[in-house]
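Everything on this sheet refers to the single structure shown next.
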Amino acid sequence: MTAAGALDGQVALITAAAGAGIGRATARTLALAGADVVITDLDAGRTAKVADALAEETGRKIVGRPLDVRDEAAITALVDEVLADRGRIDLLVNNAGTSEPAPLWETSTESWHRVLDVCLTGHFLLMRAVLPHMIERGSGCIVNIASIEAWTDVIPDNVVYQTAKSGVVGLTRATAAQVGRFGVRVNGVAPGLVPNPFLSRMIPADDLRRLHERAPLQHTITPEDIANAVLFLAGDSGRSITGETINVSSGAYMRA
Ligand SMILES: NC(=O)c1ccc[n+]([C@@H]2O[C@H](COP(=O)([O-])OP(=O)(O)OC[C@H]3O[C@@H](n4cnc5c(N)ncnc54)[C@H](O)[C@@H]3O)[C@@H](O)[C@H]2O)c1
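Numbering-wise (the numbering used here), the sequence shown opens with residue 32 and increments by one.
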């Protein structure tokens with residue numbers, strides 16, 4: 032889905048978009064729909080490279096900036112820079128996430144904070160940084176990437192990640208309730224398993240195949256499937272939707 036023109040003239044900011052997965056696919060989809068996109072990720076060189084590749088492919092203005100979503104000062108500086116340069120941020124996609132599966136009784140306090148900081152506090156910090164601008168303009172849209180692990184135990188011993196992603200669902204709903212009257216919408220997308228090299232290291236190939244086959248639609252979810260849901264929520268198609276978290280999981284959320 033490109034929905035050409037759906038986001039014409041809009042400026043989007045997305046975190047963790049220089050990987051191989053959902054973030055990059057979402058940046059590409061938003062750009063093909065007409066948005067100029069500021070992509071961010073941990074590594075400056077990789078982020079700049081991906082920005083250049085996406086700009087060439089989509090013909091949009093794509094800026095790449097390094098950003099660790101745990102770094103409050105860097106988030107403020109980046110949002111200020113984008114507003115000074117472009118004058119607006121219409122869409123924020125909070126995509127950064129990480130997990131460190133372990134039984135709860137073997138989870139260190141450091142691991143607990145690392146996973147919550149990236150998966151949940153990062154979403155909070157980015158939203159806090161862009162909301163004053165969106166509220167002042169009386170419009171804006173935020174999409175938070177959660178996971179079906181907010182409601183289900185897909186990957187065993189993933190309790191901190193599951194806690195963080197449940198938090199994303201709650202944060203999304205509560206923030207949406209606060210900012211709706213200012214014309215700002217906040218929604219979430221909860222992906223099922225989207226294969227990538229990191230996931231393949233965590234889950235044996237046979238288990239991964241079984242999990243896909245167990246889902247009612249029995250097919251593999253792609254990063255583009257998630258990106259299309261983000262686009263649906265971000266564009267006018269989502270104008271009456273706020274506070275929701277939509278599962279994109281081939282139906283796996285019912286069975287995992
Ligand atoms: N892949 C899946 O099966 C799956 C399933 C459900 C939810 N999700 C969620 O989707 C999102 C994207 O995951 P993905 O698997 O597509 O990977 P991805 O390739 O889109 O994103 C991973 C990126 O996150 C970046 N990152 C890690 N820590 C960061 C930090 N502190 N600050 C900024 N960036 C950081 C990495 O550099 C990497 O480029 C995550 O929130 C993840 O939890 C993924």
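Even for Gly, the Cβ is constructed at its ideal location relative to N, Cα and C.
If you measure from the CB of isoleucine 53, is any heavy atom of ligand 1 nearer than 7 Å?
True, at least one ligand heavy atom lies under 7 Å from that Cβ.
Output yes or no for whether 8 Å exceeds the beta carbon distance between proline 132 and asparagine 189.
Cβ distance < 8 Å, so proline 132 and asparagine 189 count as in contact.
Rounded to a whole number of angstroms, what is the C-alpha to C-alpha distance between alanine 79 and aspartate 256?
Taken atom to atom, the span from the alpha-carbon of alanine 79 to that of aspartate 256 is near 25 Å.
Considering only residues of the region 99-142, which uninterrupted beta strand (DSSP E) runs meet the minimum length of 3 residues and lie entirely inside it, listed in chain order?
DSSP runs (the beta strand (DSSP E)) wholly in the region 99-142: 122-125.
Please classify alanine 263 as buried or exposed, where buried requires at least 16 other C-beta atoms within 10 Å of its C-beta.
The question names alanine, but residue 263 is phenylalanine in the sequence shown. Label assigned to phenylalanine 263: buried.
Contact defined as beta carbons within less than 8 Å: I believe asparagine 175 pairs with alanine 47. What is the distance between those atoms, to the nearest angstrom?
The Cβ separation is near 12 Å, so there is no contact.
I want to know whether the region 263-280 touches the region 220-228 - three or more CB-CB distances under 8 Å.
Verdict: yes, contact present.
Would you report the Cα separation of glycine 214 and phenylalanine 155, rounded to the nearest angstrom?
If I take the Cα positions, the gap works out to 19 Å.
What residue from Thr183, Ile166 and Val191 has the CA that sits closest to leucine 147's CA?
When only C-alpha atoms are compared, the closest one is Val191.
Nearest-angstrom Cα separation, counted from glycine 274 out to glycine 219:
Distance between the alpha carbons of glycine 219 and glycine 274 is about 8 Å.
Could you tell me whether any non-hydrogen atom of ligand 1 is closer than 7 Å to the CB of phenylalanine 229?
Distance from the C-beta of phenylalanine 229 to the nearest heavy atom of ligand 1 is below 7 Å.
Close Cβ partners of alanine 37 (< 6 Å) along its chain, the five nearest in sequence each way excluded:
Ala64 and Gly266.
Can you name the residues that DSSP bridges to cysteine 18?
The structure shown does not extend to residue 18, since the chain is modelled only from 32 through 287, so no value can be given for it.
Comparing the CB of glycine 219 with every heavy atom of ligand 1, is any distance shorter than 7 Å?
No, Cβ of glycine 219 sits at least 7 Å from all heavy atoms of ligand 1.
Would you identify the three-state DSSP class for leucine 157, choosing helix, strand or coil?
When secondary structure is reduced to three states using DSSP, leucine 157 falls in the helix class.
Distance CB(tyrosine 284)-CB(tryptophan 143) smaller than 8 Å:
By the CB criterion at 8 Å, tyrosine 284 and tryptophan 143 fall outside the cutoff.
Taking 7 Å as the cut-off, does the CB of valine 225 come closer than this to any heavy atom belonging to ligand 1?
The answer is yes for valine 225.
Given a threshold of 16 other Cβ atoms within 10 Å of its Cβ, counted over all protein chains shown, does proline 254 qualify as buried or as exposed?
Residue environment for proline 254: buried (at least 16 other C-beta atoms within 10 angstroms of its C-beta).
Quick one: does the C-beta of leucine 202 sit closer than 7 Å to a heavy atom of ligand 1?
Because no heavy atom of ligand 1 lies under 7 Å away, the Cβ of leucine 202 does not count as near it: no.
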